[in-house]
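K.L.:
Residue numbers for the sequence shown follow my numbering, beginning at 1 and rising by one. Think of the CB as a built atom: it goes at the ideal place given N, C-alpha and C, for glycine as much as any other residue. Owing to the predicted nature of the structure, the values given are computational and were not obtained by experimental measurement. Would you mind keeping the following structure in view while I ask a few things?
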Amino acid sequence: MSDPTPLVLLVEDEPQMRRFLRATLQNHGYRLHEAVNAAEALALANQWNPDLVLLDLGLPDMDGLEVTRRLRDWTQVPILILSARGQEADKVSALDMGADDYLTKPFGAGELLARMRVALRHSAKTAEAESAFDFGDVHIDLARRQVLKAGQLVHLTPLEYKLLVLLVKHAGKVITHRQLLREVWGPNASSQTHYLRVYMAQLRSKLEADSARPRFLTTEAGVGYRLRTEEPAGASSESSPP
Ligand code: CA
């Protein structure tokens, strides 16, 4: 990248929401282009090849799902979905289609910026194979396939380990039930969400300080799971219009 300032494509038809997003991004030094519908979004993405796309699901001319699908035909640019309450199913479909993460309106500026940082960081080092990963007092040695908690070796079953590694590979981002099941248990298991509940509970009891209130291995209700790498941003006073 010659210009280190990330270029964001903002796709949102509601003027009030667009104003909030524009102000937030500009205040934090991002460059941006704005699209108010899907046709404009696809044209601008093609023209500018942005580093990140913020995509509203409810657009006047085309579904945000279809925009995600068309972008994924030719680019791996991180896509952050902006969804309204009640678009739960669409949000999950968008993630399954290759979107990276989502925010449900209304959301705070701090949360938005944190998710953008994660998505940008993740895309910058996708190619770079990492050999270790840490969260809390947990250390995962991916080369030796060992997990330590406070310096003590933790025994994980092969499926627990596989699930953990998948969360680590997508650290900071939400992964849908379907994606997790398909990757860990195979394509025929994609509706067996109870497997996930059982195995996530096991991972939490082995790795979290309080498995009833997990700080890292978190549930995204109705969507999937996320390995949190940053503390949730709650300090910001600004928040998006609902
Ligand atoms: Ca909309």
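Could you give the distance in angstroms between the alpha-carbon of residue 144 and the alpha-carbon of residue 67?
P.N.:
41 Å
K.L.:
Should residue 44 and residue 87 be called a contact, given that it needs their Cβ atoms to be closer than 7 Å?
P.N.:
Contact: no.
K.L.:
When burial is assigned at 16 or more other CB atoms within 10 Å of the CB, is residue 177 buried or exposed?
P.N.:
buried
K.L.:
Would you call the stretch 60 to 80 and the stretch 151 to 167 in contact, with 3 or more CB pairs under 8 Å?
P.N.:
no
K.L.:
Under 8 Å: do the stretch 3 to 23 and the stretch 48 to 55 share three or more Cβ pairs, one atom per stretch?
P.N.:
yes
K.L.:
Quickly, what does DSSP pair residue 34 with across the bridge? List them, please.
P.N.:
10
K.L.:
How far does the alpha helix (DSSP H) with residue 194 in it reach, from first residue to last?
P.N.:
Looking at the DSSP string, the run of the alpha helix (DSSP H) that includes residue 194 is 193 to 207.
K.L.:
Can you tell me whether residue 24 is helix, strand or coil according to DSSP?
P.N.:
helix
K.L.:
Residues around ligand 1, please: the ones whose beta-carbon is closer than 5 Å to some heavy atom of it, in chain order.
P.N.:
13, 56 and 58
K.L.:
Per DSSP, which residues does residue 152 bridge with? Please list them.
P.N.:
149
K.L.:
I need the boundaries of the alpha helix (DSSP H) containing residue 170, first residue and last residue.
P.N.:
Looking at the DSSP string, residue 170 is not in any alpha helix (DSSP H), and its letter there is neither H nor E.
K.L.:
What does DSSP give as the partner residues of residue 220 in its beta bridges?
P.N.:
Looking at the DSSP output, residue 220 shares a beta bridge with 224.
K.L.:
For residue 235, name the three-state secondary structure that DSSP assigns.
P.N.:
Any reading at residue 235 must be qualified, since the residue scores a pLDDT of 47, below 50, and its modelled position is unreliable; no value is offered.
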